[in-house]
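Going by mature numbering (1 follows the signal peptide of the UniProt record, and there is no 0), the letters in the sequence shown line up with residues -35 to -1, 1 to 341, in that order. The beta-carbon is built from N, C-alpha and C at its ideal position, and this holds for glycine as well. Everything on this sheet refers to the single structure shown next.
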Amino acid sequence: MASRSKRMADKGCRRLAFVLVVTALLLEYVPQAAALSGRQVCPVSTSAAAMSAWCTARFGGRGGTLTASAWDRGRQSFSCICNANADAAMQITRVAAFQQLTDDEMVSESLSSSDNSSSHLTLENRSSISSSSSNPVVTGMCSWMGAFTPYPDGVQCMATTGVCPSSCSVMPPNLCNNAVAKSEICTEAGAYNVFYSCQTCNGRNYTIHSISVSSCTRHYTEADRCDAQAACSGHGCCVGRGAACVCYSDSVNGFYTGSTCSSCQSGYERNSANLCLVVPNRVQIILASIAKTWTMVAPNMAVLFLFVIFGVTRKLNASDRPFDLTGLRRANLSTVQVARRRQQSLFHPKYIPMRPAKSRSFANPHQPTARGPPAF
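This is the structure we're talking about:
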């Protein structure tokens, strides 16, 4: 009885192990969730310079100045601030932490490793380890999602993000990213007295009116008139009450045409990024046009060629030239003799006198009685 219960227990253990293995395999091949808008390794050092450099490496290059705030008390999040405006900040969150030893564990492990290698930890090494605790190391993955501000110039850290523009020259070109020509209007009446307006690609109006260095108003009026990404295939913008698509036609976004901006303009092809920016080679265009024309001309040329062959063959069969050539060849005449005979027959034909102007006619009684010369 005991052996039977033991066998049943072993069988149950094997089944449980099998279930655990299958579950582990299934969990291994489960597709991961979609990544956020950004996910990078967190800044290792907590110093202000290192964290600001980390923010500049991720969000810099658009004209704005980036700085970083300090980590929160739990070291779970910090902010990348644009143009020293706390209201124009990108929240950075630590989503995963790597396994890391504490300072005491690092010191004890260093001591044990030095003992095993028959070496002693010097006073200098101890002081360097203890000083590292003043600038602790943060490890893990950080993610972010969103924008610096909800306005068009807040998607990236630009020179005007979160600050009042001093003149029209500091406004980024094509800020609203609109395909409509002259959609931007900017007037200035002095330093920090600027009025700027543009229309976004989805049909919204964005205005900035600055009065002084620290005083300006922003308005983002009207709701989206259409979804340019869907209605215009992401290659144009919606304008007017009917939200008609105006396709992009520049060297950055591409050259498109059509009611939904889904086709390339004439003379452009798609590149590897699926943008209509490639200008095909002129030789290829010429060869392609010739090939396209030849498909229409070739049948007519074939018919004309057959007519020419038929005409030449028919003319040759209707003459005695083949027989003449055969006779000359059988007479064993040389090439010079054949040429001379042809020349004589061509330039010295047999003389046949012309018919006289007047000839005797027995049917005409008014004809003179004198006989004229014979006709032949």
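The three-state secondary structure of isoleucine 176, taken from DSSP, is coil. Between cysteine 212 and the set Val303, Thr172, Asn167, the nearest pair of CA atoms involves Asn167.
With contacts defined as CB atoms closer than 8 Å, glutamine 5 and arginine 23 qualify as a contacting pair.
No Cβ-Cβ contact shorter than 8 Å links valine 217 with tyrosine 233. Closest in C-alpha terms to isoleucine 150, from the list Gly3, Ser131, Tyr157, Tyr171, comes Tyr171. Apart from the 5 residues on each side of it in sequence, alanine 188 sits with its Cβ closer than 8 Å to the Cβ of Arg169 in its chain, given in chain order. When beta bridges are read from the DSSP output, isoleucine 274 appears opposite no residue. Taking 8 Å as the cut-off, the Cβ atoms of cysteine 141 and serine 179 do not count as close.
Per DSSP, phenylalanine 24 is not a residue of any beta strand (DSSP E); the alpha helix (DSSP H) it occupies stretches across 13 to 24.
The alpha-carbon separation between alanine 35 and serine 108 amounts to approximately 16 Å. In this structure, Pro115 is the residue among Gly39, Ala61, Pro115 with its C-alpha nearest to the C-alpha of methionine 55.
In the three-state scheme derived from DSSP, where H, G and I count as helix and E and B as strand, valine 9 is classed as coil. Where glutamine 194 is concerned, the enclosing alpha helix (DSSP H) starts and stops at 193 to 196. Spatial neighbours of glycine 201 in its own chain (CB-CB distance under 7 Å, excluding positions within 5 residues in sequence) are listed in chain order as Ala144, Ala193, Cys210, Val211, Cys212, Tyr213, Tyr221, Cys226. If the five residues before and after valine 135 are omitted, its C-beta is found closer than 8 Å to the C-beta atoms of Ala124, Thr125, all from its own chain and listed in chain order. The alpha-carbon separation between phenylalanine 275 and valine 268 amounts to approximately 11 Å.
In this model, alanine 15 and serine 132 are separated by some 33 Å (Cα to Cα). With fewer than 16 other CB atoms across the displayed protein chains lying within 10 angstroms of its CB, glutamine 249 is exposed.
For proline 137, the closest alpha carbon among the candidates Ala112, Arg27, Glu153 is that of Arg27.
Relative to histidine 184, the option among Tyr161, Arg235, Cys197, Ser198 whose CA is nearest is Tyr161. Setting aside the 5 residues that flank it on each side, glutamine 121 is surrounded in the same chain by Arg27, each with a C-beta closer than 6 Å to its C-beta; the list follows chain order. Note on threonine 260: under 16 other CB atoms within 10 angstroms of its CB, so exposed under the neighbour-count rule. In the three-state reduction of the DSSP assignment, valine 248 falls in the helix class. By a beta-carbon distance limit of 8 Å, cysteine 45 does not contact glycine 29. Their separation comes to about 10 Å. For alanine 61, the closest of Ala196, Ile176, Met106, Asn139 by C-alpha to C-alpha distance is Met106. Under the three-state reduction of DSSP output, serine 214 falls in the strand class. Rounded to whole angstroms, the Cβ separation of alanine 33 and serine 17 is 5 Å, and the two are in contact under 8 Å. Around the beta-carbon of alanine 196, 16 or more other beta-carbon atoms lie within 10 Å, marking it buried.
Burial state of leucine 31 is buried, judged by a 10 Å Cβ sphere holding 16 or more other Cβ atoms. In this model, phenylalanine 272 and threonine 258 are separated by some 22 Å (Cα to Cα). Distances from the alpha-carbon of glycine 207 to those of Ser198, Cys191, Gly219, Gly199 put Cys191 closest. Pairing glycine 223 with cysteine 241 gives a Cβ-Cβ distance that is not under 8 Å.
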